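Data first, discussion second: the structure below is written as structure tokens.
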Amino acid sequence: MSHADTMGSHSAGAMEKPAFSVPAKKMAMWLFIIADTATFAACLVAYGFIRNATPNWPRPFHSITNVAIMTFILVTSSLTMLFGIEAAKAGDKAKAFRWTMITAGGGALFALLHIREWLGLIDEGMTLFKNPWGTGLFGSMFFSITGLHLLHVTGGVIALIAVGIRYQGGRYGADDLEITGLYWHFVDLVWMFVVPLVYLMNLGH
Amino acid sequence: MTTTAGQQSSVGKYVVIYVCILAIAGLQFVVAYSNIDSSQMLVRMLVLAIIEAALAILFFMHLWMESRGLLWFVVIFTVFVLLAMQYGWTDSFRLTNGVPWAR
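Protein chains in written order, with the numbering used here: chain A, 1 to 205; chain B, 1001 to 1103.
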């Protein structure tokens, strides 16, 4: 009986092929993204549930300028991330690092604009539990959904800077940059649903 | 040379997808100002957001270039969970139509 026979099909272990031919780190990121999709979806569905069941839902937004600029910055940062990954694949470390830092800068600018918008709303009297326009539930839904997204953006900016620096120092490779990029695109993707559902559907005419 | 040409083609593709996503986002803003009821607006917004998200997942996140097994795994798993979450809508409508202040 050969060694292969005695090993049998149950002892794949270290010899096992990666699932779907995807490296383990990338697979882990995809699994995280699937789980995080469920988290955001749960928040948005809960928001829809409450909005649907609550009379006099407030529509406090009168301008789309700020949210349009924020959308433009976040989508553009996804593009600059891709430029960084392409440069890393080509072995151009300096260019890859530069694009990654530009991406992180875009994320930081997005976060600052978001905080400025929050402060404006708080200044108008909106808190987690009350606001001058209608049901107090609006504030809790708005701050929890956009706050969760802002937390992801902040985490993403920190991750981009950390991975970018380690990539430039030679401790991380192009694949690590690509995996961080997957997370960053996901943050952008979530925003694509937050904008229409939380902002545009609550636009006062 | 071939690698450089391939990278330029990738960058070109990314820019096209980027412009498409921005254009769709622009359409959402147009829908927001259109004179239609909330349910119609919600459907249009969601359709546009799903197209945007599909473009980002397939081309920015390179799911289109990964193995078909991973693509189906991600799509089936995610869509199933998202659909399962819609289970509570009937109760939401019960609240709207069943509570005293709704009448």
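Glycine is no exception: its CB is placed at the ideal position from the N, C-alpha and C atoms. All of these numbers come straight from a predicted model, not from anything done at the bench.
| Asked | Found |
| --- | --- |
| The segment 178 to 189 of chain A in contact with the segment 68 to 88 of chain A per 3-pair CB rule at 8 Å | yes |
| Minimum Cβ-Cβ distance from A:Pro196 to chain B less than 7 Å | yes |
| 7 Å Cβ cutoff, B:Met1065 in contact with chain A | no |
| Within chain A, partners of B:Phe1080 - CB distance below 8 Å | Result: empty, since nearest Cβ-Cβ is about 10 Å, beyond 8 Å. |
| Against chain B: residues of the segment 152 to 185 of chain A by CB proximity under 7 Å | Leu182, His185 |
| Other residues of its chain near A:Ser2: CB distance less than 6 Å, five sequence neighbours each side excluded | Confidence in A:Ser2 is poor, its pLDDT being 49 and thus under 50, which makes the residue's placement too unreliable to answer from. |
| 3 or more residues per run - each beta strand (DSSP E) lying fully within the segment 1062 to 1090 of chain B | none |
| A:Leu200 to B:Ala1025 span [Cα, whole Å] | 11 Å |
| CB contact check: A:Glu117 to chain B, cutoff 7 Å | no |
| Interface flag, B:Leu1083 vs chain A, CB-CB below 7 Å | no |
| Reduced DSSP secondary structure (H/G/I, E/B, other) of A:Leu128 | coil |
| Buried versus exposed call for B:Tyr1033 [16 or more other C-beta atoms within 10 Å across all chains shown] | exposed |
| Short Cβ contact (7 Å threshold) for B:Val1081 with A:Ala28 | no |
| Test: A:Thr135 CB closer than 7 Å to a CB of chain B | no |
| Chain B within 7 Å of A:Ser77, Cβ atoms only | no |
| Exposure label - A:Glu16; buried when at least 16 CB within 10 Å | exposed |
| A:Val67 versus A:Val195 - alpha carbon distance | 7 Å |
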